[in-house]
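Peer 1:
Numbering (full-length UniProt numbering), first residue to last: 1 to 346.
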């Protein structure tokens, strides 16, 4: 086994065994002749021929009659070239390259902190629903149900009353209805004389109402106005229109009951997801507000319209919509004694 050459303190090349004998003291040096301790250096002209593969300036080292070529001790090595890759390879960038060769991009500033949403107004009863901020539309949190709702306070218009009047006049309470579009209803010219025209409302016997993603409650003048004293006055009727979506049972019933899906699948037409409406009839302002508060939190149903009429014992309860006269306050509705006129407050 040949050992790698090392240099002693005199600058000569020796084997690992010679180095051990030199470092062991005078006793080891006396055991070996001095001629054996000196390396055999051949003549330069005889040992280094004119070989084109060996570059100039190299040094030949003898290891027991074996000649090896030491690498050239220069700053850079020649670029390797061959027939397969005639183009010289790129030299690696040294570690002493200047820092100016690179462009340092400045770090962007950190993004500003996100603004925290303002906490919503908490409502825990129907009294808070109709008494707090009567002139401002806002989102609120219904504390008992851990649901959110949108409260509107803008006044209703005669157009709204005309739109909801067919439902208010002909609908039965606690029964769901769906409006029939004008395209779905047959034209009067196509109907025979014996067949009556199809009404704009259609009863949904199996409505399966489901809640909206964000219910809203219209707290207009009918829910904001309050009579200081109701004794001795004729009874008033509060009519509210509630909105939900038509549900669809799932394919697999659970515990013997069909479950309704979430309302995000709302579509247009007499299919699951169509808006459906019902009329809630109450006898006081607090009862109407309690119905709106409970169904918005528990069922996520919206209350889209509320009006007040006088309870008439004799005569038609709901004449044509154009027979009604709108009044500006509950006091005016109560103090009217003309039974031939029908008044409504909304």
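Where is the CB? At the ideal position from N, CA and C, for every residue including glycine.
#1: Going by Cα to Cα distance, which pick from 154, 345, 304 is closest to residue 164?
#2: Can you give me the start and stop residues for the beta strand (DSSP E) that residue 291 sits inside?
#3: Who pairs with residue 310 in a beta bridge, going by DSSP?
#4: Using DSSP with H/G/I as helix, E/B as strand and the rest coil, what is residue 143?
#5: Contact check, residue 330 vs residue 289 under 8 angstroms by CB: the rounded distance?
#6: Less than 8 angstroms between the CB atoms is what I'm expecting for residue 214 and residue 150, so what's the real figure, rounded?
#7: In three-state DSSP terms, what is residue 305?
#8: When the Cα of residue 333 is compared with those of 207, 225, 148, 105, which residue comes out closest?
#9: May I ask you to report which of helix, strand or coil DSSP gives residue 129?
#10: Going by DSSP, which residues form a beta bridge with residue 282?
#11: Please state if the CB of residue 342 and the CB of residue 325 are separated by a distance shorter than 8 angstroms.
#12: If you measure between the beta carbons of residue 309 and residue 277, is that distance less than 8 angstroms?
#13: When you compare the CB positions of residue 209 and residue 244, do they come within less than 8 angstroms of one another, or not?
#14: Taking only the alpha-carbon atoms, compute the straight-line gap between residue 173 and residue 159 and give it to the nearest angstrom.
#15: Rounded to whole angstroms, what is the Cα-Cα separation between residue 112 and residue 202?
#16: Could you check which residue in 311, 300, 285 has the C-alpha nearest to that of residue 131?
#17: Confirm, please, whether the CB-CB distance from residue 212 to residue 125 is below 8 angstroms.
#18: Alpha carbon to alpha carbon, how far is residue 146 from residue 311? Give it in angstroms, no decimals.
#19: Using the C-alpha atoms, what's the distance from residue 200 back to residue 279?
#20: The beta strand (DSSP E) with residue 212 in it runs from where to where?
#21: How many angstroms separate the CA atom of residue 274 from the CA atom of residue 110?
#22: Check for me: the beta strand (DSSP E) holding residue 178 runs from which residue to which?
#23: Nearest to residue 307 by alpha carbon, out of 161, 121, 114, 152?
#24: Answer yes or no: do residue 221 and residue 176 have a C-beta to C-beta separation smaller than 8 angstroms?
#25: For residue 244, which of helix, strand or coil comes out of DSSP?
#26: Is it true that the CB of residue 120 sits closer than 8 angstroms to the CB of residue 143?
#27: Using the C-alpha atoms, what's the distance from residue 216 back to residue 320?
#28: Measure the C-alpha to C-alpha separation of residue 155 and residue 234 and round it to an integer number of angstroms.
Peer 2: With the given structure in hand:
#1: 304
#2: First-last for residue 291: 285-298, but that is the alpha helix (DSSP H), not the beta strand (DSSP E).
#3: 236
#4: Looking at residue 143 - three-state DSSP - the assignment turns out to be coil, as it is neither helix nor strand.
#5: With a Cβ gap of about 15 angstroms, residue 330 and residue 289 do not count as contacting.
#6: 6 angstroms
#7: If DSSP states are grouped into helix, strand and coil, residue 305 belongs with the strands.
#8: Residue 333 has its Cα closest to that of 225, out of 207, 225, 148, 105.
#9: helix
#10: 238
#11: yes
#12: Note that the C-beta distance between residue 309 and residue 277 is not below 8 angstroms.
#13: yes
#14: Going by the C-alpha atoms only, they are around 23 angstroms apart.
#15: 55 angstroms
#16: 285
#17: The Cβ-Cβ distance between residue 125 and residue 212 does not fall below 8 angstroms.
#18: 37 angstroms
#19: Residue 279 and residue 200: Cα-Cα distance of roughly 16 angstroms.
#20: Residue 212 -> no beta strand (DSSP E), and no H or E assigned at all.
#21: Distance between the alpha carbons of residue 274 and residue 110: 47 angstroms.
#22: Note, residue 178: beta strand (DSSP E), 177-179.
#23: 161
#24: no
#25: strand
#26: Judged by beta-carbon spacing, residue 120 lies beyond the 8 angstroms limit of residue 143, meaning their Cβ atoms are not closer than that value.
#27: Distance between the alpha carbons of residue 320 and residue 216: 29 angstroms.
#28: 25 angstroms
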